[in-house]
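Worksheet: the structure to be examined is printed underneath.
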Amino acid sequence: MHKIPQTAPSDFPQAERMNHQLEKHGDARNDKYFWLRERENPKVIQYLNDENAYTDRALAPVRDLEQTLFQEMKLRTKEDESSTPYKKGDYFYYNRFEKDQQYPIYARKKDSLAGTEEILLNVNELAQGKSYCEVGGIRLSPNQEIMAYGVDFTGRRFYDIHFKNLKTGKTYSHTIDKTTGNMVWAADNQTIFFTQQNAKTLRSDKVFRYDFKSHKSEQVYFEKDDTYNVYVSESLAKKYVYLISSSTLTTETRYIPSDKPHD
Numbered sequence: 001m002h003k004i005p006q007t008a009p010s011d012f013p014q015a016e017r018m019n020h021q022l023e024k025h026g027d028a029r030n031d032k033y034f035w036l037r038e039r040e041n042p043k044v045i046q047y048l049n050d051e052n053a054y055t056d057r058a059l060a061p062v063r064d065l066e067q068t069l070f071q072e073m074k075l076r077t078k079e080d081e082s083s084t085p086y087k088k089g090d091y092f093y094y095n096r097f098e099k100d101q102q103y104p105i106y107a108r109k110k111d112s113l114a115g116t117e118e119i120l121l122n123v124n125e126l127a128q129g130k131s132y133c134e135v136g137g138i139r140l141s142p143n144q145e146i147m148a149y150g151v152d153f154t155g156r157r158f159y160d161i162h163f164k165n166l167k168t169g170k171t172y173s174h175t176i177d178k179t180t181g182n183m184v185w186a187a188d189n190q191t192i193f194f195t196q197q198n199a200k201t202l203r204s205d206k207v208f209r210y211d212f213k214s215h216k217s218e219q220v221y222f223e224k225d226d227t228y229n230v231y232v233s234e235s236l237a238k239k240y241v242y243l244i245s246s247s248t249l250t251t252e253t254r255y256i257p258s259d260k261p262h263d
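The sequence shown lines up with residues 1 to 263 when you count with my numbering.
If you want it as structure tokens, here you go:
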């Protein structure tokens, strides 16, 4: 039986209080912890390190219990599961996990599920040497020759979009940085619509059109209303690209023919 301590260590860190006046709608208030928003401030980083160190000390007596629970949960989880394959053109697409691996492997097979597996992206390899790794949207060009995928290595939900040639296996050097990970290919296999968020609020407020060949991006929409978020999608038949702006109660949808992405 594991003994759980009744009290936590008393030497917990305390954040410094600094006066910072804020005014909104004629109302003024003093936010003494406003300085904690400063991500590059060495004092903020030190405070977070102190909090993490305190957490380690406080939980040290129950580390054995933590591992016991973790191993029990692993036993109840199918570690080598696969998603249900879906067919697109001549290929069956799916993702799968391997035992003792944390991240999925994205793959496809041509013509039949009995065919040879082609690995499109092994996120376990992508995550090697990284403290954090999350792959956002994975989108294939209509001809299924180019794969675009977003990667976040920081945990802040900023995804850099990378491109891979599925015929050669080559990953291109050019990327689209700091996006939401939301994107859609146009029918020309060259144009991608994607969204970006505000650097401070993280609200998705901008839509860009990117030319894969010239590597140039052009902003095509900005949502001024801060109660709305924007994202891009496509029609089921792939004939239209949708630009969707939504709030809690209202959704607005704009569209453009996928084969005329510059109209």
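Don't be surprised by glycine CBs; every beta carbon is placed ideally from N, CA and C.
Is it true that the CB of residue j sits closer than 8 Å to the CB of residue i?
| i | j | result |
| --- | --- | --- |
| residue 223 | residue 258 | no |
| residue 146 | residue 166 | yes |
| residue 232 | residue 240 | no |
| residue 178 | residue 158 | yes |
| residue 132 | residue 154 | yes |
| residue 121 | residue 86 | no |
| residue 220 | residue 209 | yes |
| residue 207 | residue 184 | no |
| residue 99 | residue 80 | yes |
| residue 47 | residue 9 | no |
| residue 27 | residue 20 | no |
| residue 217 | residue 176 | yes |
| residue 238 | residue 142 | yes |
| residue 144 | residue 124 | no |
| residue 186 | residue 104 | no |
Between residue i and residue j, how many whole angstroms is the CB-CB distance? I'm expecting something under 8 Å.
| i | j | result |
| --- | --- | --- |
| residue 152 | residue 136 | 7 Å |
| residue 211 | residue 180 | Not really, about 19 Å apart at Cβ, beyond 8 Å. |
| residue 109 | residue 118 | 7 Å |
| residue 174 | residue 215 | 5 Å |
| residue 29 | residue 22 | 5 Å |
Return the CA-CA distance between residue i and residue j, expressed in angstroms with no decimal places.
| i | j | result |
| --- | --- | --- |
| residue 72 | residue 63 | 14 Å |
| residue 58 | residue 90 | 55 Å |
| residue 188 | residue 34 | 48 Å |
| residue 236 | residue 50 | 51 Å |
| residue 116 | residue 95 | 15 Å |
| residue 76 | residue 69 | 11 Å |
| residue 67 | residue 250 | 46 Å |
| residue 169 | residue 88 | 19 Å |
| residue 182 | residue 197 | 10 Å |
| residue 13 | residue 228 | 38 Å |
| residue 252 | residue 160 | 27 Å |
| residue 39 | residue 201 | 14 Å |
| residue 83 | residue 15 | 45 Å |
| residue 128 | residue 134 | 12 Å |
| residue 248 | residue 139 | 27 Å |
| residue 164 | residue 61 | 47 Å |
| residue 78 | residue 56 | 30 Å |
Going by other Cβ atoms of all chains shown within 10 Å of its Cβ, with 16 needed for buried, is residue i buried or exposed?
| i | result |
| --- | --- |
| residue 97 | buried |
| residue 45 | exposed |
| residue 245 | buried |
| residue 107 | buried |
| residue 92 | buried |
| residue 199 | exposed |
| residue 113 | exposed |
| residue 17 | exposed |
| residue 205 | buried |
| residue 156 | exposed |
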